[in-house]
Amino acid sequence: MTKQDQETQQIISDVDLEKTFLGSVESGQSLPTNVLPDKPMAPDVAAQLVEHYRLNEAKANQNLATFCTTQMEPQADELMKNALNTNAIDKSEYPKTAAMENYCVSMIAHLWGIPEEEKIYDDFIGTSTVGSSEGCMLGGLALLHSWKHRAKDLGFDIDNLHTHKPNLVIMSGYQVVWEKFCTYWNVEMRQVPINGDEVSLDMDRVMGYVDENTIGIIGIEGITYTGSVDNIQALDQLVTEYNKAAVMPVHIHVDAAFGGLFAPFVDGFKPWDFRLKNVVSINVSGHKYGMVYPGLGWIVWRHNTADILPKEMRFQVPYLGKTVDSIAINFSHSGAHISAQYYNFIRFGKAGYQTIMKNVRKVSMKLTEALKEYGIFEILVDGSELPINCWKLADNANVKWTLYDLESELAKYGWQVPAYPLPKNRDDVTISRIVVRPSMTMTIADDFLDDLKLAVDGLNHSFGSVDESNISVDNKTTVHN
Ligand SMILES: *Cc1c(COP(=O)(O)O)cnc(C)c1O
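Its first residue numbered 1489, the sequence shown is counted upward by one per residue in our numbering.
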């Protein structure tokens, strides 16, 4: 050590600089990544290192791609922090969390058209999950097991996969969980292709995919790709007709991952829920329009009966000296999300959710208006139903760039607006999508629209417009500069 180094060392230890984050030894080293570090570090330093690293991720407010909640009230943050050490599966140890879970299931069921007079917990049944994916898995499994029982009763040889391989009918723009479901449980996925610009279940063709081995049809109240909805009311009528003569009546499960806690609060939706009699179960993500941070979903079955929720899917866990059904796939997870959902429900009530969702829709409509003004975007989904904006470049758009270019350009301003192809059959069409979430206030929308203008101007400038396509290469270079 040189004399100067020694002096510096002395000064540093005199003022405890090495105990501060920027003065710490660790700040001058790369982050441990592959193996557990040999030595501990001070908690403040470790915490700041992690935070420092994490903050280089996208800013939640500018992530217009996600459906998931990025902002809750400080009171909810506090509640969640305090409940993080509870385990939602230990119903005897945490009976109040278990009770709040039941209250939420009941409130959700009633939002979905379960008749008001049905006694709480008596007829319908449901559970919290870690998200809609687990909800969809459970909904699908209940359809599968219910079909197996009914098929056995009818004398089908269900072990013969040549004659009786179970199948599931769904439109081709499904969320990936349905593919996982079919792969994990060896169910044939029958995808109904989309027809023209109608990005939803094709009512003219869907019943052609149904046979005696169909465990169910999935109706999607909120298609992830575009934010459009399946016409589940029409589907229900088709199924009613089909079931009149069917050996094996078919059931509907509704995947309402994001529509399920939006549609009940605003007008403009056809009946899609338990008001329709062939709908046996519905899932929703609490962490989407339920306004809870990621890690929460729900599923409700319309009747607490073995014909739609078979006995083998119910596992007994102790609860207050008796036992109750545990239906979830996941075992241990924190009860914090349940407290937060219950908080949101009692804090906002129906009127609160209505007001918030109306604001959300207002923002979505404003985005549509602004996009239309460019004259180059064709609006596919305008936000007047679910608050999703979806557009493509109009066929006559006078531009040389693509929506992928727009995605990259917007990213320079920090905004995440994904571009991607439509589902099978229409995958020649590229679209962009914005999900308007409750935390996307008009302020944020206005800010985004300012940057969108800069991005479009920038693209036109650097790519040139089609009008300029016959100008000389030299001139183009000038345009670029
Ligand atoms: C988001 C989504 C899912 C998956 O939900 P998670 O809560 O993220 O697990 C399933 N289906 C649809 C239609 C979705 O939008």
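A virtual CB, placed ideally from N, CA and C, is assigned to each residue, including glycine.
C-alpha distance - residue i paired with residue j, whole-angstrom precision
i	j	result
Asp1728	Ile1796	Note on residue identity: the sequence assigns Thr, not Asp, to residue 1728. Using only the alpha carbons, I get a separation of about 17 angstroms.
Tyr1561	Leu1505	Position check: residue 1561 holds Glu in this sequence, whereas Tyr was assumed. Those two C-alpha atoms are separated by around 36 angstroms.
Leu1456	Ala1534	A question about residue 1456 goes unanswered here, because the residues of the chain that appear run from 1489 up to 1969.
Ala1794	Lys1860	51 angstroms
Glu1431	Thr1508	Residue 1431 cannot be examined here, being either before or after the span of the chain that is shown, 1489 to 1969.
Val1768	Trp1789	6 angstroms
Ala1828	Phe1669	28 angstroms
Pro1911	Phe1833	35 angstroms
Lys1941	Tyr1901	11 angstroms
Leu1524	Val1593	42 angstroms
Leu1891	Pro1782	29 angstroms
Asn1575	Ala1824	8 angstroms
Glu1667	Met1625	10 angstroms
Val1905	Lys1765	38 angstroms
Ile1826	Leu1537	30 angstroms
Arg1835	Tyr1841	10 angstroms
Tyr1730	Asp1692	13 angstroms
Ala1553	Leu1723	29 angstroms
Val1664	Met1677	12 angstroms
Cys1878	Asn1847	18 angstroms
Reduced DSSP secondary structure (H/G/I, E/B, other) of residue i
i	result
Arg1973	The requested residue 1973 is not part of the displayed model; the chain covers only 1489 to 1969.
Arg1921	strand
Ala1436	The displayed coordinates of the chain run from 1489 to 1969. Any statement about residue 1436 would go beyond what the structure contains.
Ala1535	helix
Gly1840	helix
Gln1904	strand
Cys1878	strand
Asp1611	coil
Gln1497	helix
Ala1546	coil
Leu1649	helix
Phe1936	helix
Counted within 10 angstroms of its Cβ, other Cβ atoms place residue i as buried (16 or more) or exposed
i	result
Leu1656	buried
Gln1517	exposed
Val1923	buried
Asp1962	Residue placement at Asp1962 is poorly supported in this model, since its pLDDT is 41, which falls under 50; the coordinates still yield a value, given next. Classification of Asp1962: exposed, given that the 10 Å Cβ count is below 16.
Gly1837	exposed
Leu1632	buried
Glu1622	buried
Glu1589	buried
Ser1716	buried
Arg1971	Residue 1971 lies beyond the range of the chain shown here (1489 to 1969); nothing can be said about it.
Phe1803	exposed
Ala1933	buried
Met1489	exposed
Ala1630	buried
Thr1843	exposed
Pair within 7 angstroms by beta-carbon distance, residue i and residue j
i	j	result
Leu1689	Val1675	no
Ile1706	Ile1658	yes
Leu1599	Pro1759	no
Ile1787	Gly1627	yes
Tyr1831	Ala1564	yes
Glu1686	Gly1747	no
Ser1896	Ala1907	no
Met1845	Phe1750	yes
Ile1720	Gly1661	no
Asp1755	Gly1601	no
Ile1682	Arg1849	no
Val1944	Lys1579	no
His1791	Asp1611	yes
Ala1882	Ile1864	yes
The region 1697-1705 / the region 1937-1955 touching (three or more Cβ pairs under 8 angstroms): no
With a threshold of 8 angstroms, are at least 3 pairs of Cβ atoms found where one atom belongs to the region 1548-1557 and the other to the region 1922-1937? yes
Taking 8 angstroms as the threshold, find out whether the region 1583-1596 comes into contact with the region 1736-1746 through three or more Cβ pairs. no
Do the region 1799-1818 and the region 1613-1622 touch if we need at least three Cβ pairs shorter than 8 angstroms? yes
Taking contact to mean at least 3 C-beta pairs separated by less than 8 angstroms, is the region 1849-1856 in contact with the region 1931-1941? yes
Would you call the region 1644-1653 and the region 1885-1905 in contact, with 3 or more CB pairs under 8 angstroms? no
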